[in-house]
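Working notes, beginning with the structure itself.
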Amino acid sequence: MPINRLKHIAKAAMALAVAGAISASLNDASAETIVDDAALADPKQADNWLGYGRTFNQHRFSPLDQINVDSVGKLGLAWSLPLPRDRSLVGTPLVVDGILYFTGSFSRTRAVEAKTGKLIWEYDPEAMKHAGPDRARTMWDSSRGLAYYKGKVIIATVDGRLIALDAKTGTPIWSTQTFDPKLPLHITGHPTVFRDLVLVGNGGSEQGGGRGFVTAFHVETGEQAWRFYIVPGNPADGFEDEAQEMAAKTWTGEWWKIGGGGQTWNGFTYDPEYDQILIGTGNGSPWNRKARSPGGGDNLFLCSIVALDATTGKYKWHYQTVPGETWDYNSTMDIVLADLALKEGEDKRKVLMHAPKNGFFYVIDRKDGKLLSAEPIAKITWATGIDMKTGRPIEAKGARYETEPFLIYPSAFGAHSWHAMSYNPNTGLAYIPKIELPSNWDDTAVNLKDWKKPYYDLDVAADIGLGGDIPKDAGTSSLLAWDPVNQKKAWEVQQPNFWHAGTLTTAGNLVFQGMVDGTFAAYDARDGNKLWSINVGHGISAPPITYSVDGTQYVSLLVGAGGVGYSIGGGSVMAQYGWAYGAQVRQLLTFALDESKPMPDVGKPAFVEALTPAGFTPDEKLADRGQHVYKASCVWCHSAGAVSGGYAPDLRASETFLDMEQLKKVVHDGTLAGNGMPRFENLSDEDLNALQHYVRKQALDTKQPPSN
Ligand code: CA
């Protein structure tokens with residue numbers, strides 16, 4: 044019997060035995076992979092998928108090649124696991140010695156046999172219960188993943204807890220609240236492990252979450268090791284360190300009163316070669332710099348890559364991709380490590396690659412943060428290029444919407460969002476899910492002098508791509524293969540719509556990617572030729588992984604479209620495919636060669652028909668006010684224009700909106716808080732009335748279901 048087989052049996056058997064599912068006599072602990080820094084730094088470790096980007100370098104590249112350009116045509120479904128309680132599935136599973144671990148909605152965590160899909164244990168952190176009916180309003184049910192380190196599975200919950208579980212049983216070992224629960228923050232990101240520490244950030248720039256920060260905790264105990272702030276506090280209170288003092292010089296006005304933002308919700312890479320943790324930081328809060336830092340300034344450390352000493356959390360260097368950001372241009376996208384010779388005959392340099400929202404692809408020296416090259420991967424109208432002498436963008440005239448509205452590419456969804464790119468060291472190419480979409484920025488009607496939170500939409504009217512005076516056909520996307528050495532496109536596959544999932548690349552010369560229309564496809568990594576595809580019956584937002592058990596290579600992914608691009612702006616995009624709330628059952632699907640299990644019945648496409656009762660005529664003025672209420676409160680889950688597309692119920696078809704008394708109970712009193720519908724006690728009767736008129740108007744405007 045091969046060693047792998049023994050390892051698998053031993054591991055699975057131990058887990059099952061402790062979980063009480065069966066008793067087992069096999070117990071060979073010595074065969075287990077110790078998941079520590081050495082294992083996470085080893086790209087040759089082929090069978091497992093140990094970390095978010097597989098190994099520390101975040102390549103999302105696997106050396107496995109059983110599934111390759113010649114054999115991929117024989118790929119079929121090996122097993123599926125239905126996930127009826129889940130909704131938004133965006134996570135990267137991990138595989139350790141034949142056990143697959145993943146987080147679903149609200150960080151519900153499961154361990155399954157990677158060969159069969161059989162459930163070993165399940166842990167529900169009950170995030171909504173912990174969040175309570177008020178904080179629930181800052182919640183999303185997305186979790187991008189989990190960490191595994193020395194026998195512990197570590198998850199982060201949307202309500203801000205970091206929880207260590209026994210990998211064998213799913214039993215909690217410790218739990219730590221990582222931020223003040225009174226703050227409107229949330230965690231959707233994966234914890235990052237290195238040097239016996241686990242690092243986690245949070246999101247909330249859009250909800251007025253205050254100063255962004257990252258915190259490292261000891262893996263063994265859950266106790267805090269260090270914290271680094273992305274935005275400096277009130278100078279009168281003194282600074283935490285010299286980096287904060289330096290950053291404060293780049294802010295103006297009284298930014299600390301609204302906090303500044305910079306929340307770090309994704310994009311953490313441990314760099315073992317320089318023993319540093321690289322942090323990709325978020326956008327400003329509020330978006331509009333005029334409201335946030337009225338005298339201008341770069342506003343460090345917003346939209347930057349910050350390198351911190353991994354042991355102490357002390358600042359080492361930073362590179363800011365968007366000085367004085369004012370377009371929601373997060374730099375929280377993934378940070379990929381490589382050794383590249385950038386010029387003929389030159390020695391290889393230790394670089395990082397980064398494609399943030401702003402549309403440029405950066406190659407940066409990891410030693411000191413020096414910019415080595417940067418070129419646009421997408422249409423860009425906010426800047427005309429990067430000045431290589433200063434490393435700063437050359438901004439286009441009028442791009443800060445100083446005097447009039449400005450149609451800006453990329454949109455606030457970015458040319459590249461959190462959907463991870465992969466990097467194949469054999470082809471030398473990065474595979475990027477790219478978005479071409481503009482936003483129309485306009486603050487001419489905004490009272491910037493009296494800017495107030497939490498009415499976020501008042502700082503700027505940022506109409507994202509799908510309505511307003513932006514052409515309906517403005518948005519496209521693609522799978523882009525980018526050559527980072529020559530900073531140019533190798534190939535590109537055009538795709539409809541946007542918000543397609545992150546990529547996986549392999550030594551079989553393949554690139555795998557899922558799309559919002561339910562297509563899961565494999566392409567030739569060398570030329571983009573589509574070699575295989577399957578329809579999985581629902582939109583895909585999660586990136587695939589690959590691993591091997593008993594000599595068989597598997598490809599696995601979560602199916603269940605989600606994330607904020609889906610909820611906030613993409614409702615009408617998703618609705619056209621028939622993705623509707625409660626209509627499709629989410630799945631974990633796993634494929635292998637020569638398998639041909641039938642695809643699970645996930646539910647048919649469902650097209651929502653808006654309710655338009657006779658006798659209700661929306662008042663234009665009320666509807667206009669209601670739109671502001673909607674954008675400040677409802678849009679995060681129910682999507683733009685009240686066309687849901689399935690992330691949350693479609694309000695145009697909601698009976699609740701026909702009955703003001705019922706509407707008040709649900710929205711103001713929070714009677715459905717247990718289902719994930721937050722309480723909005725701040726909304727007055729007038730607000731609710733206006734909201735009703737807005738939703739009824741949307742229902743009338745869109746009452747015809749799509750014809751396709
Ligand atoms: Ca943002």
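Numbered as in the working numbering, the sequence shown ends at 751 without a single skipped number. Beta carbons: idealized from backbone N, C-alpha and C, even for Gly.
Locate the alpha helix (DSSP H) running through residue i, then write down its first and last residues.
| i | result |
| --- | --- |
| M617 | 614-618 |
| E663 | 663-672 |
| R409 | Taken as a continuous stretch (DSSP letters only), R409 belongs to no alpha helix (DSSP H), as it is neither H nor E. |
| A82 | 80-83 |
| W679 | 678-681 |
| D184 | Here D184 belongs to no alpha helix (DSSP H), and DSSP marks it neither H nor E. |
| V365 | It is not in any alpha helix (DSSP H) - V365 carries neither H nor E in the DSSP assignment. |
| Y313 | Per DSSP, Y313 belongs to no alpha helix (DSSP H); it is in the beta strand (DSSP E), 311-314. |
| N732 | 728-744 |
| A286 | 285-291 |
Where do the N-terminal and C-terminal ends of the beta strand (DSSP E) with residue i fall, by residue?
| i | result |
| --- | --- |
| V592 | 588-592 |
| K573 | 573-578 |
| H261 | 256-261 |
| Q267 | 267-272 |
| D209 | 204-209 |
| A121 | 118-126 |
Does the distance from the CB of residue i to the CB of residue j come in under 8 Å?
| i | j | result |
| --- | --- | --- |
| Q319 | D352 | yes |
| G160 | T633 | yes |
| T295 | G255 | no |
| G356 | F260 | no |
| V262 | L240 | yes |
| L743 | H711 | no |
| N309 | R187 | yes |
| R695 | A683 | no |
| R130 | G605 | yes |
| T589 | S185 | no |
| G323 | M376 | yes |
| I407 | V394 | yes |
| K674 | A121 | no |
| S599 | T548 | no |
| L137 | V155 | no |
| D209 | I198 | no |
| S218 | G265 | yes |
| G134 | E165 | no |
| V602 | G571 | no |
State the CB to CB distance for the pair residue i and residue j, rounded to an integer number of angstroms; the pair is presumed to be in contact (CB under 8 Å).
| i | j | result |
| --- | --- | --- |
| A455 | F449 | The pair is not a contact, with the Cβ atoms about 13 Å apart (cut-off 8 Å). |
| F700 | Q735 | 6 Å |
| G545 | P476 | 6 Å |
| K400 | H361 | With a Cβ gap of about 17 Å, K400 and H361 do not count as contacting. |
| C346 | N326 | 6 Å |
| V651 | D693 | 4 Å |
| F563 | S576 | 7 Å |
| L321 | P527 | Actually they are not in contact, since the Cβ atoms of L321 and P527 sit about 16 Å apart, beyond 8 Å. |
| T235 | F311 | 4 Å |
| M617 | V559 | 6 Å |
| Y444 | D485 | 6 Å |
| F541 | I451 | About 16 Å; that fails the 8 Å criterion. |
Are there any heavy atoms of ligand 1 lying less than 7 Å away from the beta-carbon of residue i, as far as the coordinates show?
| i | result |
| --- | --- |
| M371 | A small correction: the amino acid at residue 371 is Asp; Met does not occupy that position in the sequence shown. Yes, ligand 1 has a heavy atom inside 7 Å of this Cβ. |
| N401 | no |
| G96 | no |
| G325 | yes |
| S576 | no |
| E368 | no |
| S148 | no |
| S248 | yes |
Can you tell me which residues form a DSSP beta bridge with residue i?
| i | result |
| --- | --- |
| A360 | As written in the sequence, residue 360 is Trp, which differs from the Ala given in the question. Paired residues: A350. |
| N153 | Per the sequence shown, residue 153 should be read as Arg rather than Asn. Note: R153 sits in a beta bridge opposite F145, E165. |
| N467 | L472 |
| W525 | A473, K532 |
| L328 | One point to set straight first is that residue 328 is Ser, not Leu, in the sequence displayed. Paired residue(s): G303. |
| F237 | L240 |
| M396 | V379, V406 |
| A190 | I197 |
| A426 | E438 |
| H173 | H173 is not bridged to any residue. |
| D567 | L553 |
For ligand 3, is there any heavy atom lying closer than 7 Å to the beta carbon of residue i?
| i | result |
| --- | --- |
| D85 | Although ligand 3 was asked about, the structure shown includes only ligand 1 as ligands. |
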